[in-house]
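Novice: To start, I am sharing the structure in question, which I have written as structure tokens.
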Amino acid sequence: MSTIASLRIGEMGYISEESLDVIPLKLLEMGCLPGAEVRLVQIAPLKDPLYICVNGSHLAIRKETAAQIKILKVNL
Amino acid sequence: MFKNNIKVALIGNPNTGKTSLFNQLTGLTQKVGNYPGVTVDKKEGTCRLSATQNAIITDLPGTYSINPTSVDESIVLKTLLKKDIKESPDVILVVADVENLKRNLLLFSQIKDLEIPTVLAINMVDQMSRKGISIDLTALKEELNTEVVLISARKNRGIDAVKDAIIKCHIAAKASPMCDNKKIDPAYFDQLKAINPNYSLYELWLMVTQKNFPEGISKEEKEQLLSFNKDVSKLRRYQHKETIYRYQEINKVLKKTYIVDKSKATDVRSKLDKIFTHKIFGYFIFLLVLLLIFQAIFDWSSLPMDLIDTTFAQLSDFARSNLPAGVLSDLIVEGIIPGIGGVIIFIPQIAILFLFIAVLEETGYMSRVVFLMDKIMRRFGMNGKSVIPLISGTACAIPAIMATRTISSWKERLITILVVPFTTCSARLPVYAILISLIIPETKIFGFYNLQAFTLLMLYALGFVTAILAAYILQKTLKTESNSFFVVEMPNYKLPSVKNVLFDVLEKTKAFVLGAGKIILALSVVLWFLASNGPESYKDAKKNTISKAENSNVSPDELLQKIASAKLENSYIGIMGKSIAPVIKPLGYDWKIGIALITSFAAREVFVGTLATIYSVGSDDENTTTIKEKMRSEVNPATGEKIFNFPAGMSLLVFYAFAMQCMATLAIVKRETKTWKWPLIQLFGMTGLAYVCSLIVFQILK
Chain A
1 MSTIASLRIG EMGYISEESL DVIPLKLLEM GCLPGAEVRL VQIAPLKDPL YICVNGSHLA
61 IRKETAAQIK ILKVNL
Chain B
1 MFKNNIKVAL IGNPNTGKTS LFNQLTGLTQ KVGNYPGVTV DKKEGTCRLS ATQNAIITDL
61 PGTYSINPTS VDESIVLKTL LKKDIKESPD VILVVADVEN LKRNLLLFSQ IKDLEIPTVL
121 AINMVDQMSR KGISIDLTAL KEELNTEVVL ISARKNRGID AVKDAIIKCH IAAKASPMCD
181 NKKIDPAYFD QLKAINPNYS LYELWLMVTQ KNFPEGISKE EKEQLLSFNK DVSKLRRYQH
241 KETIYRYQEI NKVLKKTYIV DKSKATDVRS KLDKIFTHKI FGYFIFLLVL LLIFQAIFDW
301 SSLPMDLIDT TFAQLSDFAR SNLPAGVLSD LIVEGIIPGI GGVIIFIPQI AILFLFIAVL
361 EETGYMSRVV FLMDKIMRRF GMNGKSVIPL ISGTACAIPA IMATRTISSW KERLITILVV
421 PFTTCSARLP VYAILISLII PETKIFGFYN LQAFTLLMLY ALGFVTAILA AYILQKTLKT
481 ESNSFFVVEM PNYKLPSVKN VLFDVLEKTK AFVLGAGKII LALSVVLWFL ASNGPESYKD
541 AKKNTISKAE NSNVSPDELL QKIASAKLEN SYIGIMGKSI APVIKPLGYD WKIGIALITS
601 FAAREVFVGT LATIYSVGSD DENTTTIKEK MRSEVNPATG EKIFNFPAGM SLLVFYAFAM
661 QCMATLAIVK RETKTWKWPL IQLFGMTGLA YVCSLIVFQI LK
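Here the protein sequences come in this chain order: A and B.
Each residue of the first sequence is one higher than the last, beginning at 1 in the UniProt record's numbering.
Each residue of the second sequence is one higher than the last, beginning at 1 in the UniProt record's numbering.
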């Protein structure tokens with residue numbers, strides 16, 4: 001299954017329901033909810049952190065966190 | 001007559017313009033104090049709400065949620081859970097960004113559930129039409145069951161409406177919760193609520209999840225609450241469920257009241273992001289910004305610093321000639337005035353640095369730097385956010401250490417605190433300057449680059465490299481576990497507000513002067529006492545100097561200087577310098593340098609002034625060249641060699657680069673880490689490193 005970390009720049013996905021337990025509380029509170037649409041905006045030059053847009057929030061998170069959050073990829 | 005002031009707590013997500021609103025409401029009445037028991041700065045100001053009503057507004061640190069993940073954020077929880085009449089707010093003013101209303105309402109919903117009257121101020125509404133947003137204000141007020149105002153804090157619009165809303169909300173005292181956790185698990189939360197009905201369910205829930213108990217909670221109740229804490233995974237699950245439930249409620253509200261027409265969104269952000277986070281341009285621009293900052297710190301500050309220097313010298317002279325002779329006058333002229341001057345002299349550099357940092361943060365650029373640097377910094381056990389403290393450290397370690405508070409991982413924060421003092425702060429500069437001019441010839445390398453300037457640059461590089469290496473070693477050796485993770489919001493780019501930037505610079509500079517200044521001043525007075533008092537031999541110094549045969553032909557001025565020098569030699573501090581002489585001899589230093597090393601604990605730059613006194617130069621400040629001449633001609637009586645030769649000079653430079661010689665920094669580290677363990681590790685670790693490296697340098701070059 002794909003995760004946020006497997007997205008390419010500009011790609012989108014929906015956070016899967018089963019990720020609820022692995023998403024840190026703080027990230028949930030910032031809008032990174034199961035079911036929410038997430039888009040990878042930019043990857044830092046050294047491949048980490050990732051710059052994502054989820055639920056209207058623009059956030060930078062580390063790859064290790066992103067790799068735990070499963071998503072359903074949207075094929076454009 | 002004013003009725004009792006309404007106590008208002010100002011809360012909001014970072015980057016919502018909370019500071020702008022605070023500045024508009026309180027203006028110049030702001031002051032920074034401390035929270036009782038905790039040491040994070042508390043910003044307060046008075047606001048005139050109406051002809052008969054004032055409010056005291058407390059600006060709480062920006063946070064995304066009541067559940068804290070950093071020191072800054074924990075203040076919000078602590079303030080809001082307090083039940084005593086003096087501290088708890090009457091009304092909470094939540095600031096939200098119109099563009100990010102959904103996320104901002106999460107914090108609002110948590111606050112609302114504390115059952116304290118709450119006003120919602122939706123900020124930046126001047127950009128609504130541009131971003132295709134429309135809000136049904138009446139419906140929103142109804143849905144949220146509270147006062148809601150649309151404002152544009154930067155443009156000073158809607159501020160009066162905020163004031164009215166505070167009064168209305170205070171009078172109505174409407175304090176109904178927005179969400180009801182009972183929906184998650186009725187039995188569980190009924191049991192929780194039964195523990196103490198005086199608190200709202202959400203307050204009790206926060207006490208359980210955050211293990212933070214207000215004074216009103218009895219020991220028995222505390223134990224009951226803690227019993228809820230045993231099943232951690234259940235607790236976690238319920239916290240997650242709660243957050244989802246909150247967002248569901250918020251979505252319901254926004255569906256009826258908030259419309260975004262996405263086709264209208266413009267995309268300045270992504271264009272700028274492409275440049276600022278580009279793998280080449282991104283770092284290149286950051287490097288340019290850094291060079292600009294350093295250039296400004298040196299160039300712009302030299303004029304005001306010279307001015308401050310001469311002013312305080314004149315003030316000392318003026319005081320000396322106008323005060324009656326005596327111990328008190330000596331204290332003022334030789335202890336207090338130079339002590340204050342020693343603090344004020346740093347203000348230009350520190351203010352300029354804060355100016356740049358404030359601008360970079362206001363524009364949103366700093367988050368991009370954090371994004372660019374996180375991976376690199378992480379290799380050394382730090383965090384993208386450590387970049388800001390490391391830059392600040394080039395002016396002064398004290399504000400730099402305070403800037404680490406936003407780092408939520410304790411280990412990364414601790415490492416940053418521990419290595420920041422290695423960066424070359426402005427107090428080292430005068431020491432470097434005089435030593436470099438003594439031992440490095442003024443030749444050009446590569447045909448154009450001044451060798452002295454190059455040496456200075458190398459010393460800066462040495463500081464940075466050592467900080468990074470020390471961080472790497474600490475990362476491998478520190479056993480501290482920390483589980484918090486990294487998330488940074490990438491805010492919209494915007495032009496900095498002049499008012500916000502100026503207030504920020506003013507506030508931080510004031511905090512430096514009052515915080516570090518106190519310690520530097522106190523130490524200067526102690527050092528003055530140690531230098532102007534001594535055992536029997538001190539009292540005889542004057543007589544002995546005059547009666548020396550070699551002094552019979554010198555001019556009166558020169559004689560006075562020799563007396564001063566002899567007095568210092570026999571004072572307590574002179575004795576201290578002599579007693580450490582055997583220890584520092586292998587580094588190439590004599591007892592006179594020993595004295596200067598000791599006095600450097602007030603502030604490193606005192607080194608120059610101390611040597612001036614010891615080498616009996618008149619204390620007027622135009623005499624740098626004379627100090628230099630004296631230092632140059634100083635000879636070791638045993639060997640006949642010059643004291644400040646190349647090996648000893650290099651050894652001293654290395655010593656000042658590494659040694660922990662700043663009491664004020666140690667005090668701040670103690671404050672921020674809440675134990676003496678870390679400042680002591682810094683003191684002995686850094687000074688030990690300095691000793692060993694200086695020893696090696698001197699022994700090799702000798």
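For glycine and all other residues, C-beta sits at the position ideal for the given N, C-alpha and C.
Go ahead and pull the three-state DSSP assignment for residue 1 of chain A.
Specialist: Correct three-state label for residue 1 of chain A: coil.
Novice: For residue 388 of chain B and residue 608 of chain B, what's the separation of their Cα atoms in angstroms?
Specialist: Straight-line Cα distance between these residues: approximately 30 Å.
Novice: Taking C-beta to C-beta, are residue 487 of chain B and residue 60 of chain A nearer than 8 Å?
Specialist: Result yes, Cβ atoms of residue 487 of chain B and residue 60 of chain A sit closer than 8 Å.
Novice: Are residue 276 of chain B and residue 188 of chain B closer than 8 Å when you measure CB to CB?
Specialist: No, they are not a contact pair.
Novice: Which runs of the beta strand (DSSP E), 3 residues or longer, sit entirely within the stretch 68-146 of chain B?
Specialist: Whole beta strand (DSSP E) segments, 3+ residues: 91-97, 118-123, 133-135.
Novice: Judging by CA-CA distance, which residue of A:64, A:1, A:56 is the nearest neighbour of residue 32 of chain A?
Specialist: Nearest option by C-alpha distance: A:56.
Novice: Do the CB positions of residue 653 of chain B and residue 459 of chain B come within less than 8 Å of each other?
Specialist: Yes.
Novice: Classify residue 504 of chain B: buried if its beta carbon has 16 or more other beta carbons within 10 angstroms, exposed otherwise.
Specialist: Buried.
Novice: Taking only the alpha-carbon atoms, compute the straight-line gap between residue 39 of chain A and residue 14 of chain A and give it to the nearest angstrom.
Specialist: Rounded to the nearest angstrom, the two C-alpha atoms are 9 Å apart.
Novice: By the criterion of Cβ-Cβ separation under 9 Å, what are the contact partners of residue 103 of chain B in chain A?
Specialist: Near residue 103 of chain B (Cβ distances below 9 Å), the residues of chain A are 29, 30, 31, 55, 56, 57.
Novice: What did DSSP end up calling residue 458 of chain B once you bin it into helix, strand or coil?
Specialist: Helix, per DSSP.
Novice: Does residue 360 of chain B get closer than 8 Å to chain A when you measure Cβ to Cβ?
Specialist: Judged by the 8 Å Cβ criterion, residue 360 of chain B is not in contact with chain A.
Novice: Please confirm if the stretch 438-450 of chain B is in contact with the stretch 502-522 of chain B, defined as three or more CB-CB distances below 8 Å between the two stretches.
Specialist: With a cut-off of 8 Å, the stretch 502-522 of chain B and the stretch 438-450 of chain B do not count as touching, because too few Cβ pairs lie within range.
Novice: Report the three-state DSSP secondary structure of residue 437 of chain B (helix, strand or coil).
Specialist: If DSSP states are grouped into helix, strand and coil, residue 437 of chain B belongs with the helices.
Novice: In chain order, what residues of the same chain have a beta carbon less than 7 Å from the beta carbon of residue 476 of chain B, not counting five sequence neighbours either side?
Specialist: Within the same chain, residue 476 of chain B has no close Cβ partners at all.
Novice: Around the C-beta of residue 205 of chain B, are 16 or more other C-beta atoms found within 10 angstroms, so that it is buried, or is it exposed?
Specialist: It is buried - the Cβ of residue 205 of chain B has at least 16 other Cβ atoms within 10 Å.
Novice: Rounding to the nearest angstrom, what Cα-Cα distance links residue 687 of chain B and residue 394 of chain B in this structure?
Specialist: About 19 Å.
Novice: Is there a Cβ from chain A that is less than 8 Å from the Cβ of residue 259 of chain B?
Specialist: Answer no: the Cβ-Cβ gap between residue 259 of chain B and chain A never drops below 8 Å.
Novice: Can the beta-carbon of residue 147 of chain B be found closer than 8 Å to that of residue 168 of chain B?
Specialist: Yes, Cβ-Cβ distance for residue 147 of chain B and residue 168 of chain B is below 8 Å.
Novice: For residue 489 of chain B, would you say it is in contact with chain A, using Cβ-to-Cβ distances shorter than 8 Å as the test?
Specialist: Interface residue, yes.
Novice: The beta strand (DSSP E) with residue 42 of chain A in it runs from where to where?
Specialist: It spans 37-43 - the beta strand (DSSP E) in which residue 42 of chain A sits, taken as one unbroken run.
Novice: Can you name the start and end residues of the beta strand (DSSP E) that residue 17 of chain A belongs to?
Specialist: Residue 17 of chain A -> no beta strand (DSSP E), and no H or E assigned at all.
Novice: For residue 474 of chain B, count the other beta carbons within 10 Å of its own beta carbon; 16 or more makes it buried, fewer makes it exposed. Which is it?
Specialist: That one is buried.
Novice: Following the continuous alpha helix (DSSP H) through residue 172 of chain B, name the residue where it begins and the one where it ends.
Specialist: Taken as a continuous stretch (DSSP letters only), the alpha helix (DSSP H) holding residue 172 of chain B covers 159-172.
Novice: At 8 Å on the CB atoms, spell out the chain B contacts of residue 44 of chain A, in chain order.
Specialist: Simply 277, 371, 372, 374, 375.
Novice: Which residues in chain B have a C-beta closer than 9 Å to the C-beta of residue 72 of chain A? List them in chain order.
Specialist: Per Cβ cutoff of 9 Å: no residues; residue 72 of chain A is ~18 Å from chain B at best.
Novice: Would you check if the stretch 10-21 of chain B and the stretch 107-127 of chain B touch, i.e. whether three or more CB-CB distances between them fall below 8 Å?
Specialist: With the cut-off at 8 Å, the stretch 107-127 of chain B and the stretch 10-21 of chain B touch.
Novice: Grouping DSSP H, G and I as helix and E and B as strand, with all else coil, what is residue 693 of chain B?
Specialist: Three-state result, residue 693 of chain B: helix.
Novice: I want to see whether chain A comes within less than 8 Å of residue 38 of chain B, judged by CB atoms only; does it?
Specialist: The predicted position of residue 38 of chain B is uncertain, since its pLDDT is 46 and thus under 50; a value taken from the coordinates is nonetheless stated next. Output row for residue 38 of chain B: interface = no.
Novice: Would you grab the beta carbon distance between residue 9 of chain B and residue 92 of chain B for me? Rounded to a whole angstrom, and I think it's under 8 Å.
Specialist: Indeed, because the Cβ distance is near 5 Å, the residues count as touching under 8 Å.
Novice: For residue 488 of chain B, which three-state DSSP category applies?
Specialist: It is a strand residue.
Novice: Count the other CB atoms, across all protein chains shown, that sit within 10 Å of the CB of residue 70 of chain B; report buried if there are 16 or more and exposed otherwise.
Specialist: Residue 70 of chain B is buried by the Cβ-count criterion.
Novice: Can you give me the C-alpha to C-alpha distance between residue 443 of chain B and residue 46 of chain B, rounded to a whole angstrom?
Specialist: Computed Cα separation, rounded: 59 Å.
Novice: Residue 51 of chain A touches chain B at which residues, Cβ-Cβ below 8 Å?
Specialist: Going along chain B in sequence order, the residues near residue 51 of chain A (Cβ under 8 Å) are 273, 277, 371, 490.
Novice: Mind checking the stretch 52-85 of chain B against chain E and listing, in chain order, the residues whose C-beta falls within less than 8 Å of any C-beta there?
Specialist: Absent from the structure: chain E. Protein chains present are A and B.
Novice: Kindly indicate which three-state DSSP category residue 450 of chain B falls into: helix, strand or coil?
Specialist: It is a strand residue.
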